[in-house]
Amino acid sequence: MTLRFGHSLRARLLAWLLIATMVMGVVALLDTWFDAVKTAQTVSDRVLVGSALAIAERVVVGENGALEVDIPYVALEMLTSAAQDRVFYRVDGPPGSFITGYQTLPVVTLQGGQASAFADDSFRGEPIRVVTLQRSASTGIRSVPFLVTVAETTIARQQLSQTILLRSALRLLLMIVGAGAGVWIAVSVSLHPLNRLGQAIAQRSPDDLSPIEEAAPSEVEGLVTTVNSFMVRLEGALNALRQFAGNTSHQLRTPLAVVRTQLALAQRARSLDEALDSVRKGDQSVARAERILMQMLTLARLDATATRGQQRNGAMDLTLKAQEVTADHVPTATEAGIDLGFEGESEVLVHAEPLLIEELLRNLIENAIAYAGPGAIVTVRSLRDATVARLEVEDDGPGIPPERRGAMFSRFTRGDWPKASGTGLGLPIVEEIAALYGASVTLGDGEAGKGLKVIVTFRLADPATAG
Ligand SMILES: Nc1ncnc2c1ncn2[C@@H]1O[C@H](COP(=O)(O)OP(=O)(O)O)[C@@H](O)[C@H]1O
Ligand SMILES: [Mg+2]
27 MTLRFGHSLR ARLLAWLLIA TMVMGVVALL DTWFDAVKTA QTVSDRVLVG
77 SALAIAERVV VGENGALEVD IPYVALEMLT SAAQDRVFYR VDGPPGSFIT
127 GYQTLPVVTL QGGQASAFAD DSFRGEPIRV VTLQRSASTG IRSVPFLVTV
177 AETTIARQQL SQTILLRSAL RLLLMIVGAG AGVWIAVSVS LHPLNRLGQA
227 IAQRSPDDLS PIEEAAPSEV EGLVTTVNSF MVRLEGALNA LRQFAGNTSH
277 QLRTPLAVVR TQLALAQRAR SLDEALDSVR KGDQSVARAE RILMQMLTLA
327 RLDATATRGQ QRNGAMDLTL KAQEVTADHV PTATEAGIDL GFEGESEVLV
377 HAEPLLIEEL LRNLIENAIA YAGPGAIVTV RSLRDATVAR LEVEDDGPGI
427 PPERRGAMFS RFTRGDWPKA SGTGLGLPIV EEIAALYGAS VTLGDGEAGK
477 GLKVIVTFRL ADPATAG
C-alpha cells in the first residue's frame, strides 16, 4: 500500500495523528524512564540501607576494647535473592582500621554530620550502588565509631526500571494503534456521505442538471451549493444553446428550401434564360444562408466572450474606425441610391476591440442602407463630451415606430417590411458588442422627427491609458 499524503484525507489525518502521538510518546517515555530509574533506586536503596543497618546492629566492642562483628548473612541474602546481583560489604573501625569484609571496596565519604550516604561506583569491573553508614558501639564508658559499607551490583534495579519502561511503552503503542484504528474507521464512516454523493452524481443522466438533494456533511455543504448554482447556470446556458440551435435551423430552412425550389425550376426550364434566372435566385438564397451562418457565428463568439465578463481593452479611436467603415460602404450605398456621409473630426478614445466596433458599425450602416430607402441621407458621427463618447448612425427613412423599437433587440425579430437579406440578428449583435464595453444602445428619431437615429454611448477612455 502506498500512502498518498497529497490526495487521501484519511492518510493525511493518520499521518498527523501518528506524528503528534509519536512526539508526545517520546516525551512521555523519557519522563517514564527517569521516573522508573528513580523508583527502582528508591526501592533498592531502602533494602540496601536495611542490610547495612542489620550489620551495624551486630557490631560490638569486644572484651579487649576492639570492635567485633558477627555478620548476619540473612541480611545480605535479602539483597541477593532478587536477581543475580552480588553483594559486598566491609566494616571499618576508627579511622584507618579495617575490620572485616572486602578491603578494596570503595567507601562513600560522609560529609560533615551525615549518618549515611549513597553513591554509584564500580567494583571489580561491575557497576555497583554503595551505602556507607556511620554508627558507634559503646561499652558504657566510651563509644567507638565505625563505618558499615554495603554494595550490590545494579542488575536488579536496571531490570526493574526496564520493566517499568517496557510496560509503559507497550501501553503507549497500544494507545497509538487504537487511536489510529479509530481515526481510520471514523474517516471511513465520515466519508461515506461523500461517496454516496459522488455515486448519486455519477448515476445521473447527462442532461439531468437538477440540484443535488442528497444530504451532505456541513463541511461540504458549500461545495454542494456551489455545484448546484453552477448547474443552474449550466442549465441556463444549455437552454439558450438549444433555443439558438433551434432558431438557426429554422432560419436556415427557408433559404435552403428556396435553393431546392430554384434547382427544380432550373431542371424544368425550357430556355437558358429561365434556367439562369433560377440559378441567380438560388445563388441569392445561398448567400442569405451564408449571412445567417456568419451572424450566428458572430453571436456565438460574443456569447462566449461575454461569459468571461467585461473586457479590458486598450484604447482605440472611434473617429478613425467610423470613418474607415463608412468609406467601405460608400459604393454599396451609392448603388442603393443613398447618400452616405461621415461627420466627426477630433479623436474620440474608448476602450474596445477595433474588430468588434467594426462589426457593430457595419450592422448599423447596412440597416440604414437597407431600410432607409432610395434617396435617403445616412450620416455616421463620432462625438464626445466631458464624460462620454457617442457613435451615431442616422437616416431620414421611415424609421421604426417608438413602441416597436425595444423589441428589435431580441434575436430573430424583424420589422414589418423585412428585406430578403435580413436575419433579425443585426441589432442584437450591436447590443451585445456594446455591452462588452459597458456601452448602451438607444434607438431614437432622426432629424426633424424623421427616420432612425441609433446612438451607442461609450465611457470615454482615459487619454493617459491610450495604447
Ligand atoms: N435604419 C432602420 N430604419 C428602419 N428600420 C430599421 C432600421 N434598422 C433596423 N430596422 C428594423 O429593425 C429590424 C431588425 O434589424 P436587425 O436586427 O438588423 O435585423 P435584420 O436587419 O436582419 O432584419 C429590421 O428588420 C428593420 O425592420
Ligand atoms: Mg440588419
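For the sequence shown, position 37 matches number 63 in the numbering used here, and the numbering has no gaps at all.
Using N, Cα and C, we set each Cβ at its ideal position, and we do this for glycine too.
Other residues of its chain near residue i: CB distance less than 8 Å, five sequence neighbours each side excluded
i: THR345; result: GLY370, GLU371, SER372, GLU373, VAL374 and SER408
i: ARG338; result: HIS377
Under 7 Å between C-beta atoms of residue i and residue j
i: LEU159; j: ASP118; result: no
i: THR179; j: ILE154; result: yes
i: PHE484; j: ALA396; result: no
i: THR165; j: VAL87; result: yes
i: GLY472; j: GLU420; result: yes
i: LEU93; j: VAL85; result: yes
i: GLY363; j: GLY423; result: no
i: LEU105; j: SER148; result: no
i: GLN288; j: LYS307; result: yes
i: THR126; j: VAL95; result: yes
i: PRO98; j: ALA82; result: no
i: PHE144; j: VAL133; result: no
i: VAL246; j: ILE238; result: no
i: PRO454; j: ARG431; result: no
i: ILE459; j: LEU382; result: yes
i: LEU39; j: VAL209; result: yes
i: LEU102; j: ALA195; result: no
Contacts around residue i, its chain only, beta-carbon distance under 6 Å, and the 5 residues preceding and following it disregarded
i: MET24; result: Absent from the structure is residue 24, since the part of the chain shown begins at 27 and ends at 493.
i: LEU291; result: SER304
i: GLY452; result: ASN389 and ASN393
i: GLY367; result: THR405
i: TYR128; result: PHE114 and ARG116
i: SER187; result: ALA62, VAL63 and ALA66
i: GLN349; result: PHE368
C-alpha distance - residue i paired with residue j, whole-angstrom precision
i: GLY493; j: GLU379; result: Reliability of the predicted coordinates at GLY493 is poor, the pLDDT of 44 falling under 50, and the value obtained from them is presented with this limitation in mind. Roughly 12 Å separates the two Cα atoms.
i: SER142; j: ALA62; result: 24 Å
i: ASN389; j: ARG222; result: 53 Å
i: MET342; j: VAL285; result: 42 Å
i: PHE435; j: LEU386; result: 13 Å
i: VAL356; j: GLU418; result: 17 Å
i: ALA177; j: GLN185; result: 17 Å
i: ARG30; j: ARG334; result: Reliability of the predicted coordinates at ARG30 is poor, the pLDDT of 46 falling under 50, and the value obtained from them is presented with this limitation in mind. Approximately 36 Å between the Cα atoms of the pair.
i: MET27; j: THR58; result: With a pLDDT of 44 at MET27, under the threshold of 50, the predicted position of this residue should be treated as unreliable, and no value is reported.
i: GLY425; j: GLY340; result: 35 Å
i: ARG440; j: GLY450; result: 5 Å
i: SER214; j: ARG259; result: 33 Å
i: THR413; j: VAL253; result: 41 Å
i: LEU319; j: ALA228; result: 37 Å
i: ARG279; j: ASN265; result: 21 Å
i: ARG168; j: SER70; result: 35 Å
i: ASP488; j: ASP442; result: 42 Å
i: GLU240; j: SER255; result: 15 Å
i: ARG314; j: LEU325; result: 17 Å
i: GLY477; j: ALA359; result: 16 Å
i: ASN273; j: ALA212; result: 55 Å
i: LEU44; j: ALA263; result: 48 Å
i: ALA353; j: GLY399; result: 19 Å
i: GLU261; j: ALA330; result: 15 Å
Endpoints, the beta strand (DSSP E) within which residue i is located
i: ARG161; result: 152–164
i: GLU178; result: 169–179
i: ARG485; result: 478–485
i: ALA313; result: Counting along the chain, ALA313 falls outside any beta strand (DSSP E), though it belongs to the alpha helix (DSSP H) covering 298–333.
i: GLY470; result: 466–471
i: ASP343; result: 341–343
Extent of the continuous alpha helix (DSSP H) run through residue i
i: PRO281; result: 244–294
i: ARG38; result: 35–83
i: ILE238; result: Counting along the chain, ILE238 falls outside any alpha helix (DSSP H), and DSSP gives it neither H nor E.
i: ILE364; result: It is not in any alpha helix (DSSP H) - ILE364 carries neither H nor E in the DSSP assignment.
i: ASP146; result: Segment 142–149 is the beta strand (DSSP E) holding ASP146; no alpha helix (DSSP H) there.
i: GLY452; result: 452–462
Short CB-CB distance (under 7 Å) between residue i and chain C
i: GLN277; result: Given the protein chain composition of this structure (a single chain), no chain C is represented.
Cβ-based neighbour list, residue i, same chain, cut-off 7 Å, excluding 5 preceding and 5 following
i: VAL456; result: LEU386, ASN389, LEU390 and VAL467
i: GLU300; result: none
Segments assigned beta strand (DSSP E), at least 3 residues, entirely inside the segment 85–138: 85–87, 93–95, 113–118 and 124–127
Quick one: which unbroken beta strand (DSSP E) runs of 3-plus residues sit fully inside the segment 373–448? Chain order, please. 375–377, 403–410 and 414–421
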